[in-house]
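Undergrad:
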Amino acid sequence: MGHAQTHAAPVLALDGITKTFPGVKALDGVTLELFAGQVTALIGENGAGKSTVVKTLTGIYQPDGGRILVDGEEVRFPTAQDASAAGVTAIHQETVLFDELSVAENIFLGHAPKGRFGLIDRKEMRTKAQDILDGIGAEIDAGVRLKDLGIASRHLVAIARALSVEARVVIMDEPTAALSRKEIEELYELVDALKAQGKAILFISHKFDEIFRIADRYTVFRDGQYIGAGDMADITEAELVKMMVGRSVDQIFPKRAAQIGEDVLIVAGYSHPTEFEDIHFTLRRGEILGFYGLVGAGRSEFMQSLIGVTRPSKGAIRLNDKVRVIRSPADAIAAGIVYVPEDRGKQGAILDMPIFQNVTLPSLPRLSKNGFTQMAEEFSLARQYTERLDLRAASLDTTVGSLSGGNQQKVVIAKWLATQPTVIILDEPTKGIDIGSKAAVHDFMSELASEGLSVIMVSSEIPEILGMSDRVIVMREGRMVAELEGDELTPETLVRHAAGISSKGEAA
Amino acid sequence: MTLLKSREAILVGAILLLLALVASRFPGFVTPSNLVAVFTDTAPLIILALGQMVVILTRSIDLSVAANLALTGMVCALINVAFPGVPVPVLVALALGLGALMGAINGFLVWKLTIPPIVVTLGTMTIFRGIIFLLTNGSWVNSHQMSSAFKAFPRENILGLPLLGWIAVIVTLILGLVMSRTTLGRAFFAVGGNPHAAVYTGINVGRTQFLAFVISGMLAGLTGYLWVARYAVAYVDIAGGFELDVVAACVIGGISIAGGVATVAGAVLGALFLGIIKNALPVIDVSPFWQLAISGAAIIIAVTFNSRAGRSKGRVILKSAEHAQ
Chain A
0 MGHAQTHAAP
10 VLALDGITKT
20 FPGVKALDGV
30 TLELFAGQVT
40 ALIGENGAGK
50 STVVKTLTGI
60 YQPDGGRILV
70 DGEEVRFPTA
80 QDASAAGVTA
90 IHQETVLFDE
100 LSVAENIFLG
110 HAPKGRFGLI
120 DRKEMRTKAQ
130 DILDGIGAEI
140 DAGVRLKDLG
150 IASRHLVAIA
160 RALSVEARVV
170 IMDEPTAALS
180 RKEIEELYEL
190 VDALKAQGKA
200 ILFISHKFDE
210 IFRIADRYTV
220 FRDGQYIGAG
230 DMADITEAEL
240 VKMMVGRSVD
250 QIFPKRAAQI
260 GEDVLIVAGY
270 SHPTEFEDIH
280 FTLRRGEILG
290 FYGLVGAGRS
300 EFMQSLIGVT
310 RPSKGAIRLN
320 DKVRVIRSPA
330 DAIAAGIVYV
340 PEDRGKQGAI
350 LDMPIFQNVT
360 LPSLPRLSKN
370 GFTQMAEEFS
380 LARQYTERLD
390 LRAASLDTTV
400 GSLSGGNQQK
410 VVIAKWLATQ
420 PTVIILDEPT
430 KGIDIGSKAA
440 VHDFMSELAS
450 EGLSVIMVSS
460 EIPEILGMSD
470 RVIVMREGRM
480 VAELEGDELT
490 PETLVRHAAG
500 ISSKGEAA
Chain B
0 MTLLKSREAI
10 LVGAILLLLA
20 LVASRFPGFV
30 TPSNLVAVFT
40 DTAPLIILAL
50 GQMVVILTRS
60 IDLSVAANLA
70 LTGMVCALIN
80 VAFPGVPVPV
90 LVALALGLGA
100 LMGAINGFLV
110 WKLTIPPIVV
120 TLGTMTIFRG
130 IIFLLTNGSW
140 VNSHQMSSAF
150 KAFPRENILG
160 LPLLGWIAVI
170 VTLILGLVMS
180 RTTLGRAFFA
190 VGGNPHAAVY
200 TGINVGRTQF
210 LAFVISGMLA
220 GLTGYLWVAR
230 YAVAYVDIAG
240 GFELDVVAAC
250 VIGGISIAGG
260 VATVAGAVLG
270 ALFLGIIKNA
280 LPVIDVSPFW
290 QLAISGAAII
300 IAVTFNSRAG
310 RSKGRVILKS
320 AEHAQ
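Taken in sequence, the protein lines are chains A and B.
The numbering of the first sequence is numbering that gives the first Met the number 0, which starts it at 0 and goes up by one.
The numbering of the second sequence is numbering that gives the first Met the number 0, which starts it at 0 and goes up by one.
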C-alpha cells in the first residue's frame with residue numbers, strides 16, 4: 000500500500016508494514032509518516048495496532064513485510080539498540096525506570112559516558128544529565144534517587160532519557176494517562192519545546208482534547224489497517240471518531256435476542272476511596288450489560304470490588320431480592336456471582352494442576368463433604384463442562400499447562416460455568432484472541448444470556464460492546480458517565496462519553 | 000502427571016543404585032535389619048520433609064523447623080523431669096500442640112503482616128533457640144533424668160519396626176490423604192501453582208499459607224519429642240542446621256522451590272535418599288568431607304534436573320500451541 004509524498008520529506012516513515020501474530024494480523028500494510036518539528040497523533044481504538052507500531056519502530060518487533068525508512072533510506076531495527084542508534088526513542092505508558100538508581104543513572108543507563116579503564120565517569124554523567132534536565136526546563140537534581148520523585152517528575156526523567164540518545168523521533172505512548180491537569184499542561188509545553196528543537200513526535204492518546212491541543216497531523220488506524228492521515232486543521236472531532244470506529248457492526252456479532260426477565264442484581268452507590276465512586280445499576284435476567292471506558296477508567300477495579308477481592312467503602316447489592324454482603328470471592332461464588340478476569344494467563348488457570356481440578360476448584364465447597372473431595376462428582380462435573388465447551392484434551396487428568404492457549408481459555412471458562420452462577424462478569428473476554436475464537440466467545444455469551452444467565456461484559460472494543468450488549472454503562476475516571484440503550488448506542492456517543500467530550504463536540 | 004511419576008521413578012532408581020553400590024563394598028548394609036535401622040534413623044527427616052513440603056508447595060519456606068523441634072523437645076524433657084508421672088500420650092499431644100503454636104506464629108506473621116517467609120522463619124528460628132537457652136540457662140537434660148517410659152516410646156518395636164518408623168509411615172499416609180483427597184490439600188496446590196488465580200476461585204491465600212505453617216510446625220513439634228526421647232538428651236543445639244537437610248530432602252524429592260509442584264512420595268524419597276547417603280558413606284569409609292560434598296552434589300543435580308524438566312514442559316506448550324493453529 001504505497002502512499003503519496005507530502006510537502007516535506009518525512010524523517011521516519013513506515014511503508015506497507017505488515018505484522019502477523021498466530022491467528023491475528025496486527026498490522027496490515029500500514030503507512031505512517033513523521034516529520035521534523037511536527038507532532039503526529041496516532042489514533043485508533045484498542046486493537047487498532049498502535050502498540051504494535053510502537054514496538055516495530057523501536058526494534059522490539061520485526062515486521063513481516065514492508066519498509067521502514069529513515070530520511071528516505073530503508074533501514075532495519077533488529078534490536079532496540081539499533082532503533083535507538085537511529086535516533087528513534089519511545090517514552091512508554093508505564094515508564095521503565097529504576098527506583099533505586101539516581102536520576103542521572105536512569106538517564107544514562109546503558110550508554111553512560113565512560114572514563115579511564117572503561118569505568119563510568121560519574122561526574123561527566125551527572126553534568127550531562129543536569130544539562131539535559133535544565134534544557135527541558137525540569138527542576139530536578141540529577142543526583143537524587145528516582146524513588147524520591149513524583150510521577151510527573153519521573154516522566155520528565157523518562158523524556159530526558161529519550162533525549163540523551165540524540166533522539167530525532169520521540170514516541171509518546173499515552174504520556175498523560177497518569178498525570179494531573181497541571182502536569183499535563185507542563186507536558187504540553189515540553190512537547191512544544193521538543194517541536195521547536197526539530198524533533199519528530201509520534202503522540203498516541205485516546206483523549207481528543209489532547210490531540211487537538213498539541214498535534215499538527217493525524218494518522219488513523221483501524222483493525223491493523225491504515226485508514227487515513229492529514230492535517231489536524233482540516234478535520235473535526237466527529238470526522239475523526241467516524242474514521243476511528245466506522246464499520247458495520249451487526250454483521251460480525253451473533254447476538255440473539257434473549258428473553259430479558261426480572262431484576263437479578265441491583266448495585267447501589269458502590270464507592271471506593273481511590274478507585275471508583277457511586278456505581279449503581281440494575282442487571283436483569285438474560286441481559287448482557289456492557290461496561291465501556293478507556294483503559295484505567297476503573298471498570299476492572301469496580302468488578303473486583305463487586306466480587307469481594309477488594310472491599311468497597313460504601314454501597315450495597317441486592318441479588319435475587321436478597322441483600323448480600325460480599326466479603327470475599329468465596330462469598331461471591333456462593334452467592335452466584337463469578338468473575339472471569341482479564342488477565343487469564345496470570346489470574347486464570349493453575350497450569351501445574353490437572354484439567355479436572357482446575358474446573359472444579361471454585362465449586363469445591365459445594366462438591367466436598369467434610370473437607371474431603373469427591374473424585375467421582377469432580378470428574379463428572381469437569382466432564383460436563385469441558386464437553387460443553389468442546390475442549391479437546393487427551394484426558395481430564397493432564398495438566399492445563401500442556402494445553403494450547405485456546406484450550407486453556409476454555410478450561411477457565413468451564414471453571415466458572417461449573418459454579419452455576421446467576422451473574423457472570425467477563426472482563427475483556429476476547430482480548431488477545433484471534434477472530435475465529437472471538438466469534439466463538441461471542442456466540443457462547445449469547446447462548447449463556449439466552450439460557451437466563453445475566454452477563455456483565457467489560458470491554459474496550461467498541462464493536463464488541465455495540466454488537467453484544469443490551470445496555471451499556473460508560474465509565475470515565477472512576478465514575479459512571481452514561482447509561483446507554485437502543486438508539487443511543489452508537490460508536491460516536493460511546494467515544495464521546497468515554498473520552499469526555501460534550502455532545503457539542505467540545506472537550507469537557 | 001507422567002512427568003512427576005517419572006521423576007519419582009528416577010529417584011527410586013537412584014536410591015536402588017546407591018544401595019547396590021554400597022552393597023558391593025559392604026553387603027551387610029542391605030540386610031533387612033540394617034535397612035529397618037536406616038529407615039528408622041531417617042524417620043525424623045521424613046516427617047519434617049513432609050511438613051516442609053506443604054510449606055514449600057505454597058511458595059513459602061520454614062527455616063524454623065529444627066529450632067521448633069529443639070524447643071518442643073526440651074519442653075517435653077523438662078516436663079518429664081519435673082512431672083515424671085505425665086503419660087507419654089499426653090506429652091505427644093502437647094508436642095503436637097506446642098509445635099503447631101510455633102507454626103501458627105510463623106504463619107500469622109506471613110499472613111497478616113505479609114513478611115517474606117524466609118525472613119519470618121529466620122527470625123523465629125533464632126527466637127526458639129533463644130527460648131531454650133532462657134528455659135535452661137544452657138544446661139542439658141540427660142538420659143538419667145528422663146523416665147524410662149519417656150525414652151522407650153519411640154523404640155517400641157511393633158512387627159519389627161520401631162514406633163518412630165511407624166510414625167513416619169502414619170504421617171506419610173495422613174499427608175498423602177490430605178494432599179490428594181481434601182479441599183485443603185487442593186488449596187495448597189492452587190495457592191502454590193497460581194496465587195492470583197486461586198484468589199478468584201474463592202481460596203484465601205494467606206489463610207492457606209498459615210495452615211501450611213501450622214502443619215509444618217505441628218510435625219516439627221512431634222519430631223521434637225521423638226528426637227529427644229530417642230537420643231535421650233536435650234540441649235540448646237540439638238538438630239542444629241537440620242532445617243537445611245529438610246529443605247534439601249524436599250528439593251531432591253522434586254518439590255519446586257517456586258511452589259505449585261510437590262508429591263508426598265517425592266518428599267519421602269528425597270528424605271530416604273539423603274538418609275541412606277548419611278548412613279551408608281561412613282560404613283564404606285568415605286570421609287566426612289565427601290559425605291557433605293556428595294549430599295551437596297545430590298541437591299544440585301536434583302535442582303538442575305527439576306529446572307530442565309520445567310523447561311521441556313515449556314516447549315511442550317509451544318508445540319501444542321502450534322499444533323492447535
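Each residue gets a CB set at the ideal place from its N, CA and C atoms; glycine is no exception.
In this text, all values refer to a predicted model and were calculated from it rather than measured experimentally.
1) For Gly289 of chain A, which residues from the same chain have a beta carbon less than 6 Å from its beta carbon, with the 5 sequence-adjacent residues on both sides left out?
2) Among A:Gly347, A:Ile336, A:Gly370, A:Ser379, which one has its Cα closest to the Cα of Phe355 of chain A?
3) Would you say Tyr230 of chain B faces chain A, with C-beta separation under 8 Å as the test?
4) Does any C-beta atom of chain B lie closer than 8 Å to the C-beta of Met352 of chain A?
5) Say yes only if the C-beta of Gly114 of chain A is nearer than 7 Å to one or more non-hydrogen atoms of the ligand GDP, and no if none qualify.
6) Under the rule that 16 or more other beta-carbon atoms within 10 Å means buried, what is Lys368 of chain A, buried or exposed?
7) Count the other C-beta atoms from every protein chain shown that fall within 10 angstroms of the C-beta of Pro490 of chain A, then say buried if there are 16 or more, exposed otherwise.
8) Could you name the residues that DSSP lists as bridge partners for Arg144 of chain A?
9) In chain order, which beta strand (DSSP E) runs of at least 3 residues are fully inside the segment 277–343 of chain A?
10) Mind checking whether Tyr199 of chain B and Pro77 of chain A have CB atoms under 8 Å apart?
11) Just how far apart, CA to CA, sit Ser247 of chain A and Ala232 of chain A?
12) Return the CA-CA distance between Asp284 of chain B and Asn193 of chain B, expressed in angstroms with no decimal places.
13) By the criterion of Cβ-Cβ separation under 9 Å, what are the contact partners of Gln356 of chain A in chain B?
14) Check whether chain B comes within 8 Å of Ile158 of chain A, counting only Cβ atoms and requiring the distance to be less than that.
15) Just verifying my parser: in three-state terms, what is the DSSP assignment at Gly65 of chain A?
16) On a CA-only basis, which of A:Ser312, A:Asp63, A:Arg255 is nearest Ser449 of chain A? Give me that one, please.
17) Looking at the secondary structure, which residues open and close the alpha helix (DSSP H) in which Phe508 of chain A lies?
18) Would you mind working out which of B:Thr39, B:Asn105, B:Gly220, B:Gly159 sits nearest Val54 of chain B, comparing C-alpha positions?
19) In chain order, what residues of the same chain lie with their CB nearer than 7 Å to the CB of Pro328 of chain A, ignoring the 5 residues before and after it?
20) Could you check if Glu386 of chain A is buried or exposed, using at least 16 other CB atoms within 10 Å of its CB as the buried criterion?
21) Residue range of the beta strand (DSSP E) that Gln224 of chain A falls in?
22) Secondary structure at Ala266 of chain B, three-state DSSP: helix, strand or coil?
23) Between Gly259 of chain B and chain A, is any beta-carbon pair separated by less than 8 Å?
24) Taking only three categories from DSSP, how would you classify Asp249 of chain A?
25) Going by DSSP, what residues sit across from Val21 of chain B in a beta bridge?
26) Tell me the DSSP secondary structure of Pro174 of chain A in three-state form.
27) Is the CB of Ala196 of chain B under 8 Å away from at least one CB in chain A?
28) Around the Cβ of Trp522 of chain A, are there at least 16 other Cβ atoms within 10 angstroms (buried) or fewer (exposed)?
29) Express the C-alpha separation of Ala12 of chain A and Thr106 of chain A in angstroms, rounding to a whole number.
30) Taking Arg180 of chain B as the query, report the chain A residues whose CB atoms sit under 7 Å from its CB, ordered along the chain.
31) Mind checking whether Ile46 of chain B and Thr262 of chain B have CB atoms under 8 Å apart?
32) If you check the beta carbons only, do Ala48 of chain B and Val245 of chain B fall under 8 Å apart?
33) Measure from the C-beta of Pro428 of chain A to each C-beta in chain B and report whether the shortest distance is under 8 Å.
34) In whole angstroms, give me the CA-to-CA distance for Asp249 of chain A and Gln80 of chain A.
35) Return helix, strand or coil for Gly191 of chain B, following the three-state DSSP convention.
36) Could you give the distance in angstroms between the alpha-carbon of Ala392 of chain A and the alpha-carbon of Ser401 of chain A?
TA: Concretely, from the data shown:
1) Taking the first residue of the first sequence as position 1, residue 289 of chain A is located at position 290. Same-chain partners within the cutoff: Met456, Ile464, Ser468, Val471.
2) Indexing the first sequence from 1 puts residue 355 of chain A at position 356. Nearest of A:Gly347, A:Ile336, A:Gly370, A:Ser379 to Phe355 of chain A, Cα basis: A:Ser379.
3) The residue labelled residue 230 of chain B in the question sits at position 231 within the second sequence. No, no contact with chain A.
4) Translated into positions along the first sequence, residue 352 of chain A becomes position 353. Yes, Met352 of chain A lies at the interface with chain B (some Cβ there is under 8 Å from its Cβ).
5) In terms of ligand content, the structure shown is empty, and the ligand GDP therefore cannot be addressed.
6) As a position in the first sequence, residue 368 of chain A is number 369, starting the count at 1. Exposed.
7) Start at 1 with the first residue of the first sequence, and residue 490 of chain A comes out as number 491. It counts as buried.
8) The count along the first sequence starts at 1 and reaches residue 144 of chain A at position 145. DSSP lists A:Ser101 as partners of Arg144 of chain A.
9) 278–283, 287–291, 313–318, 321–323, 336–339
10) Here the question's residue 199 of chain B lines up with position 200 in the second sequence. Here the question's residue 77 of chain A lines up with position 78 in the first sequence. No, the pair does not count as a contact, with Cβ atoms beyond the cut-off.
11) Walking along the first sequence from the start, residue 247 of chain A turns up at place 248. Walking along the first sequence from the start, residue 232 of chain A turns up at place 233. Any answer about Ser247 of chain A is weak, because its pLDDT of 45 lies below 50 and its placement is not dependable; what the coordinates show is given next. When rounded, the distance between both Cα atoms is 28 Å.
12) As a working mapping, residue 284 of chain B is identified with position 285 in the second sequence. As a working mapping, residue 193 of chain B is identified with position 194 in the second sequence. Distance between Asp284 of chain B and Asn193 of chain B, taken at the CA atoms: about 46 Å.
13) By 1-based counting over the first sequence, the position of residue 356 of chain A is 357. Neighbours of Gln356 of chain A on chain B, chain order: Arg185, Phe188, Ala189.
14) The sequence position of residue 158 of chain A within the first sequence is 159, counting from 1. No, no contact with chain B.
15) For the purposes of this step, residue 65 of chain A is taken as residue 66 along the first sequence, with counting starting at 1. Looking at Gly65 of chain A - three-state DSSP - the assignment turns out to be strand.
16) One-based indexing of the first sequence puts residue 449 of chain A at position 450. If we check each option's Cα against that of Ser449 of chain A, A:Arg255 comes out closest.
17) Residue 508 of chain A lies beyond the range of chain A shown here (0 to 507); nothing can be said about it.
18) The sequence position of residue 54 of chain B within the second sequence is 55, counting from 1. Of the candidates B:Thr39, B:Asn105, B:Gly220, B:Gly159, the one whose C-alpha sits nearest the C-alpha of Val54 of chain B is B:Asn105.
19) Residue numbering aside, residue 328 of chain A sits at position 329 when the first sequence is read from its first letter. Spatial neighbours of Pro328 of chain A in its own chain (CB-CB distance under 7 Å, excluding positions within 5 residues in sequence) are listed in chain order as Ile306, Gly307, Val308.
20) By 1-based counting over the first sequence, the position of residue 386 of chain A is 387. Under a 10 Å Cβ-count criterion, Glu386 of chain A is classified as exposed, with fewer than 16 other Cβ atoms of the shown protein chains found around its own Cβ.
21) Within the first sequence, the letter at position 225 stands for residue 224 of chain A. It spans 224–230 - the beta strand (DSSP E) in which Gln224 of chain A sits, taken as one unbroken run.
22) In the second sequence, residue 266 of chain B corresponds to position 267, counting from 1. In the structure shown, Ala266 of chain B sits in a helix (DSSP, three-state: H, G or I).
23) In the second sequence, residue 259 of chain B corresponds to position 260, counting from 1. Answer yes: the Cβ-Cβ gap between Gly259 of chain B and chain A drops below 8 Å somewhere.
24) The residue given as residue 249 of chain A occupies position 250 in the first sequence. Reliability of the predicted coordinates at Asp249 of chain A is poor, the pLDDT of 45 falling under 50, and the value obtained from them is presented with this limitation in mind. Looking at Asp249 of chain A - three-state DSSP - the assignment turns out to be coil, as it is neither helix nor strand.
25) As a first step, residue 21 of chain B is located in the second sequence; it is residue number 22 there, counting from the start. Bridge partners of Val21 of chain B: none, in fact.
26) Residue mapping note: residue 174 of chain A aligns to position 175 of the first sequence, counting from 1. Pro174 of chain A: coil per DSSP, three-state reduction.
27) Position 197 of the second sequence, counting from 1, holds the residue named residue 196 of chain B. At least one chain A Cβ lies under 8 Å of Ala196 of chain B.
28) With chain A represented from 0 up to 507, any question about residue 522 of chain A goes unanswered, as that position is not in the structure.
29) The residue given as residue 106 of chain A occupies position 107 in the first sequence. The residue given as residue 12 of chain A occupies position 13 in the first sequence. The sequence as given places Ile at residue 106 of chain A; Thr does not occur at that position. Rounded to whole angstroms, Ile106 of chain A to Ala12 of chain A spans 27 Å at the Cα level.
30) To locate residue 180 of chain B, count along the second sequence from 1; it is residue 181. Going along chain A in sequence order, the residues near Arg180 of chain B (Cβ under 7 Å) are Phe371, Thr372.
31) Sequence index remark: in the second sequence, residue 46 of chain B carries index 47 (1-based). Sequence index remark: in the second sequence, residue 262 of chain B carries index 263 (1-based). No. Outside cutoff.
32) As a first step, residue 48 of chain B must be located in the second sequence, where it is residue number 49. As a first step, residue 245 of chain B must be located in the second sequence, where it is residue number 246. A contact, by the Cβ cut-off of 8 Å.
33) Translated into the one-based positions of the first sequence, residue 428 of chain A becomes position 429. Not one chain B Cβ lies under 8 Å of Pro428 of chain A.
34) In the first sequence, residue 249 of chain A corresponds to position 250, counting from 1. In the first sequence, residue 80 of chain A corresponds to position 81, counting from 1. Confidence is the limiting factor: at Asp249 of chain A the pLDDT is only 45, short of 50, which leaves the residue's position unreliable and the question unanswerable from this model.
35) For the purposes of this step, residue 191 of chain B is taken as residue 192 along the second sequence, with counting starting at 1. In this structure, DSSP gives Gly191 of chain B a helical state, which the three-state scheme calls helix.
36) As a working mapping, residue 392 of chain A is identified with position 393 in the first sequence. As a working mapping, residue 401 of chain A is identified with position 402 in the first sequence. Going by the C-alpha atoms only, they are around 9 Å apart.
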